[in-house]
Amino acid sequence: MSFNSEEDIAQHLIEFLSNDKEGQALLQDFKSNALDDESISKALRNTLQAYFHTEVSGGQVDKIVNIARAHVVNVLLPKLKPEPQNIPGSGVKFNGRELDIETLHQLLKEKGRVVIYSEANSTGKTELARKYAQLAWKKKVYPGGICWLNGKRSDLKDQLIEFAKSKLELPIPEDLDLASKVNDFWSKWSKDDVLIVIDNVSISKYERLIDFIPLEDQHFTLLITIPDKSVDDRLLNDNFETLDLSPPEKDFFPSADEDTKDTEDNFIYVLLTTVILLVIVSGISVFVSYEVVDSEPWKTEFTENGWVVELLRSFLYFLGEIWIVFRVFRQDTREFFGLESPSSEYRKARNAVRLFAIAITIAAMVIVPYYHLYIAPERLASDWKEITDNKPELNYIELESPQGLRAYILPYRIYLVYSLANYIVLWLPILISTSYSALKDFTFLHEYRKRIGDKQNKIANLRYRQSFVFSPVDICNKIQDNFTNFSRMFVEKIGNYTSVFLVFCLGVTFELVAGRYTLAEKAIVWLFVGYIVWAVGILVFLLGYSYYENALQESRNLLLRVGCENLQGFEEENKVTIFISRVFDTYFSLYLGLIIIAVGLAVFGLAKVFD
Numbered sequence: 004m005s006f007n008s009e010e011d012i013a014q015h016l017i018e019f020l021s022n023d024k025e026g027q028a029l030l031q032d033f034k035s036n037a038l039d040d041e042s043i044s045k046a047l048r049n050t051l052q053a054y055f056h057t058e059v060s061g062g063q064v065d066k067i068v069n070i071a072r073a074h075v076v077n078v079l080l081p082k083l084k085p086e087p088q089n090i091p092g093s094g095v096k097f098n099g100r101e102l103d104i105e106t107l108h109q110l111l112k113e114k115g116r117v118v119i120y121s122e123a124n125s126t127g128k129t130e131l132a133r134k135y136a137q138l139a140w141k142k143k144v145y146p147g148g149i150c151w152l153n154g155k156r157s158d159l160k161d162q163l164i165e166f167a168k169s170k171l172e173l174p175i176p177e178d179l180d181l182a183s184k185v186n187d188f189w190s191k192w193s194k195d196d197v198l199i200v201i202d203n204v205s206i207s208k209y210e211r212l213i214d215f216i217p218l219e220d221q222h223f224t225l226l227i228t229i230p231d232k233s234v235d236d237r238l239l240n241d242n243f244e245t246l247d248l249s250p251p252e253k254d255f256f257p258s259a260d261e262d263t264k265d266t267e268d269n270f271i272y273v274l275l276t277t278v279i280l281l282v283i284v285s286g287i288s289v290f291v292s293y294e295v296v297d298s299e300p301w302k303t304e305f306t307e308n309g310w311v312v313e314l315l316r317s318f319l320y321f322l323g324e325i326w327i328v329f330r331v332f333r334q335d336t337r338e339f340f341g342l343e344s345p346s347s348e349y350r351k352a353r354n355a356v357r358l359f360a361i362a363i364t365i366a367a368m369v370i371v372p373y374y375h376l377y378i379a380p381e382r383l384a385s386d387w388k389e390i391t392d393n394k395p396e397l398n399y400i401e402l403e404s405p406q407g408l409r410a411y412i413l414p415y416r417i418y419l420v421y422s423l424a425n426y427i428v429l430w431l432p433i434l435i436s437t438s439y440s441a442l443k444d445f446t447f448l449h450e451y452r453k454r455i456g457d458k459q460n461k462i463a464n465l466r467y468r469q470s471f472v473f474s475p476v477d478i479c480n481k482i483q484d485n486f487t488n489f490s491r492m493f494v495e496k497i498g499n500y501t502s503v504f505l506v507f508c509l510g511v512t513f514e515l516v517a518g519r520y521t522l523a524e525k526a527i528v529w530l531f532v533g534y535i536v537w538a539v540g541i542l543v544f545l546l547g548y549s550y551y552e553n554a555l556q557e558s559r560n561l562l563l564r565v566g567c568e569n570l571q572g573f574e575e576e577n578k579v580t581i582f583i584s585r586v587f588d589t590y591f592s593l594y595l596g597l598i599i600i601a602v603g604l605a606v607f608g609l610a611k612v613f614d
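For the sequence shown, the numbering used here assigns the number 4 to the initial residue and increments by one for each residue that follows.
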């Protein structure tokens with residue numbers, strides 16, 4: 004046998020080893036020896052000298068062995084064919100979108116083409132597409148391959164050709180133009196199911212590429228994500244199914260704009276400073292009405308040191324306002340005064356509370372001055388008449404006399420500043436912030452429960468079809484987890500109102516123990532009417548508890564329908580008594596408030612007995 008070159012001899016040597024039993028055993032030994040170069044060279048040299056000694060001269064041996072050794076390494080380490088996918092990696096943590104992935108898969112299998120968008124401009128469209136592509140590749144849903152195109156780049160066709168060369172190793176003729184190369188690529192790609200993902204693509208780029216994508220080919224599935232808040236009609240005309248990626252339940256209402264917080268905080272500080280100044284002025288007015296005017300009928304009616312109790316009331320209201328308005332409901336206060344724009348779902352609540360606040364302010368500006376300037380002096384004079392009739396040593400003063408001005412009218416005129424400050428500057432902000440926040444949270448829970456309910460039904464329906472993401476056990480666990488998340492969210496929302504409840508209990512207890520002695524009968528009535536109105540604001544939120552019960556019942560029915568195990572355990576963990584216990588265990592201020600109000604009622608009861 005004659006050979007044209009040393010390369011031919013080396014190639015023939017490798018073929019000989021591959022076809023000969025002893026040679027195959029030798030190649031296997033090469034593998035077991037971990038590709039040791041020296042052992043490979045020695046074995047090749049021995050084989051060459053034993054079987055090819057007539058064709059090889061002494062000076063050629065080392066050269067042929069070096070050539071053959073390179074070929075042997077290629078035999079032992081065959082080139083791995085690349086996977087037909089180019090799904091990009093991501094360092095972003097992506098959780099809680101299993102149902103969206105499931106929905107996306109069902110739409111793609113049914114329709115063949117889907118566009119992901121978000122009316123709420125929610126993030127996560129790219130991550131959803133990426134997560135789906137990764138899971139679909141792992142499950143071999145698209146054995147023909149998955150091609151990912153970056154829509155932000157202008158070279159979409161070039162990306163296709165690069166994918167064909169690097170991932171599919173398809174021979175693409177270089178003498179063709181770009182459009183012809185793309186068409187050649189489609190014709191050579193696998194006839195198995197394939198997925199094409201075009202991420203974050205504008206409608207103009209999509210139109211430039213779509214003519215080159217074989218949409219009518221049944222084994223091609225197309226998924227695109229767009230940055231727009233709505234789907235262009237041109238996509239709908241191409242029979243794309245839409246998937247609106249709403250934000251997660253906990254984030255579906257937008258939060259505060261961080262860029263405006265400095266301005267907002269300045270306003271809050273100005274507002275707080277104004278409140279402090281008005282409280283100081285009202286404190287001066289109550290002191291003057293007691294000590295400077297020094298009206299005997301006034302002090303007899305409202306006690307000698309009543310101004311101290313009045314100042315304590317103002318101080319208590321002031322601390323409550325700082326904590327509730329400027330701390331607990333700080334963001335709601337900013338929204339109410341227009342420093343932030345709430346979401347459309349909250350604007351109706353804000354406008355309703357604004358009208359309510361305006362109505363109460365106008366009523367207070369009319370009723371309170373009228374009462375203090377006209378009704379209250381007459382009642383004080385009437386009460387003083389009864390006292391002097393029973394105690395002849397005291398002198399009655401006619402209301403219309405010059406002394407009557409100082410005895411009855413002047414104290415109320417000065418005290419008017421204190422009353423208006425308490426009603427409008429201290430009590431009203433607490434009321435409106437509580438009411439607005441309660442309406443917001445009521446709206447939030449309504450929407451949250453609605454979304455959770457929709458999600459629960461979709462998950463339960465997966466029981467009757469082949470699921471892409473969920474196993475039967477996963478379906479049961481997901482239904483329970485969704486309700487647990489709703490329960491946790493409800494408990495978190497209650498947290499703000501525990502502070503309101505504590506301040507409410509402190510205020511009522513103060514009035515029961517000390518404050519009532521400094522108030523006229525009408526004032527006591529109006530004060531407790533105010534407390535009742537304030538309590539209604541809290542109760543508005545607590546009406547949301549009905550959503551908890553509804554969500555619990557719906558989840559229970561779904562678990563029963565799906566046939567989940569341990570239904571009794573689910574009911575035991577989430578029954579009403581357990582929920583209430585969880586709330587009290589989370590917020591100690593509830594215990595504290597109940598203790599305070601109990602002490603106040605006890606003191607009030609004892610005082611009534613001994614009176």
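Just so you know, even glycine gets a beta-carbon here, dropped at the ideal spot from N, CA and C. On a predicted model such as this, the values are computed, not experimentally measured, just so you know.
Distance between residue j and residue i (C-alpha atoms, nearest Å)
| i | j | result |
| --- | --- | --- |
| V428 | V278 | 6 Å |
| N425 | I363 | 13 Å |
| K66 | K170 | 36 Å |
| L226 | K168 | 22 Å |
| I370 | I361 | 14 Å |
| V606 | P475 | 60 Å |
| R333 | G456 | 31 Å |
| T50 | F19 | 10 Å |
| R491 | R585 | 10 Å |
| N240 | Y551 | 43 Å |
| F473 | L465 | 8 Å |
| G341 | L442 | 17 Å |
| I581 | E575 | 8 Å |
| S207 | K141 | 32 Å |
| R282 | I378 | According to the sequence displayed, residue 282 carries Val and not Arg. V282 and I378: Cα-Cα distance of roughly 25 Å. |
| E299 | Y399 | 10 Å |
| L515 | G608 | 9 Å |
| Y418 | V602 | 30 Å |
Identity of the residue in the options nearest residue i by Cα
| i | options | result |
| --- | --- | --- |
| Y145 | S169, Q162, E18, K112 | K112 |
| A355 | T126, E403, S440 | S440 |
| F507 | D231, F339, I433 | I433 |
| Y288 | Q334, W310, Y272 | Correcting the residue identity first, residue 288 is Ser in this sequence and not Tyr. Of the candidates Q334, W310, Y272, the one whose C-alpha sits nearest the C-alpha of S288 is W310. |
| T303 | P414, I365, W326 | P414 |
| R330 | N89, L275, E343, L281 | L275 |
| Y272 | I325, I599, S474 | I325 |
| V117 | T224, Y550, N398, Q334 | T224 |
| G147 | A136, Q88, L107, R333 | Q88 |
| K232 | L212, Y209, S205, I216 | S205 |
| N485 | L47, V328, L102, E86 | L102 |
| L593 | N499, N242, A53, L604 | N499 |
| N242 | N269, V579, I213 | I213 |
First and last residue of the uninterrupted alpha helix (DSSP H) at residue i
| i | result |
| --- | --- |
| R116 | Here R116 belongs to no alpha helix (DSSP H); instead the beta strand (DSSP E) covers 116-120. |
| V197 | Unbroken run through V197 is the beta strand (DSSP E), 197-202; no alpha helix (DSSP H). |
| T580 | 579-589 |
| W192 | Premise fails: W192 is in no alpha helix (DSSP H) and is neither H nor E. |
| G127 | Looking at the DSSP string, G127 is not in any alpha helix (DSSP H), and its letter there is neither H nor E. |
| C3 | Because the chain in this structure spans residues 4 to 614, residue 3 falls outside the shown range and cannot be described. |
Cβ shell of residue i (< 7 Å), same chain only, five flanking positions each side left out
| i | result |
| --- | --- |
| I119 | K128, L131, A132, T228, L246, L248 |
| I600 | C508, V511, T512 |
| E10 | I70 |
| P257 | Here the model assigns P257 a pLDDT of 49, short of 50, so the residue's position is not dependable and the matter cannot be decided. |
| L431 | A360, I363, T364 |
| Q63 | E9 |
Close Cβ partners of residue i (< 6 Å) along its chain, the five nearest in sequence each way excluded
| i | result |
| --- | --- |
| L402 | A384, Y411 |
| Y520 | T306 |
| I435 | V356, A360 |
N- and C-terminal bounds of the beta strand (DSSP E) containing residue i
| i | result |
| --- | --- |
| W151 | 148-153 |
| D247 | 244-247 |
| L226 | 223-228 |
Neighbourhood of residue i by C-beta distance below 8 Å, restricted to the same chain and skipping five residues each side
| i | result |
| --- | --- |
| G286 | L314, S317, Y421 |
| E338 | S344, P345, Y349, R353, Y439 |
| A367 | L423, Y426, I427, L431 |
| K194 | G147, H222 |
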